[in-house]
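J.: Here it is: the structure, laid out below.
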Amino acid sequence: MKAENIDIRTQKIRQFIIIYLVFYTVLFFFFYWAFVKIPKAYQKEQALASLKLNEFLENTAKLILWCSKFKQRKMSKRNQ
Numbered sequence: 107m108k109a110e111n112i113d114i115r116t117q118k119i120r121q122f123i124i125i126y127l128v129f130y131t132v133l134f135f136f137f138y139w140a141f142v143k144i145p146k147a148y149q150k151e152q153a154l155a156s157l158k159l160n161e162f163l164e165n166t167a168k169l170i171l172w173c174s175k176f177k178q179r180k181m182s183k184r185n186q
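For the record, in the sequence shown the residue sitting at position 23 is 129 according to the working numbering, with numbers rising by one throughout.
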């Protein structure tokens, strides 16, 4: 083989290796985000939403209880 062909061949091999290293790096980061980062953030958001929903439901139950007691007091005052 001529020296030119050897240089071109080694250059093409280097390009091939670099392209595949970049490809696998991008693929690794894609799967890392898809299977680690995004589910972790989703789980954190879902836990926060559940907490806020529970607070809302507790406050609503307290309000309903207060309203029913208020209504009973109002009715008992009318009956007296």
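Note that CB positions come from ideal geometry on N, CA and C, so glycine has one too. Model, not experiment: these values are computed from the prediction.
#1: For LYS175, name the three-state secondary structure that DSSP assigns.
#2: Rounded to the nearest angstrom, what separates PRO145 and PHE162 at their Cα positions?
#3: So, with DSSP's three-state summary, where would you put LYS108?
T.: So, from the listed chains and residues:
#1: As a working note, residue 175 is residue 69 in the sequence shown. Three-state DSSP puts LYS175 in a helix.
#2: Within the sequence shown, the letter at position 39 stands for residue 145. Within the sequence shown, the letter at position 56 stands for residue 162. Near 25 Å, if we compare the C-alpha coordinates of PHE162 and PRO145.
#3: Taking the first residue of the sequence shown as position 1, residue 108 is located at position 2. LYS108 falls in the coil class under three-state DSSP.
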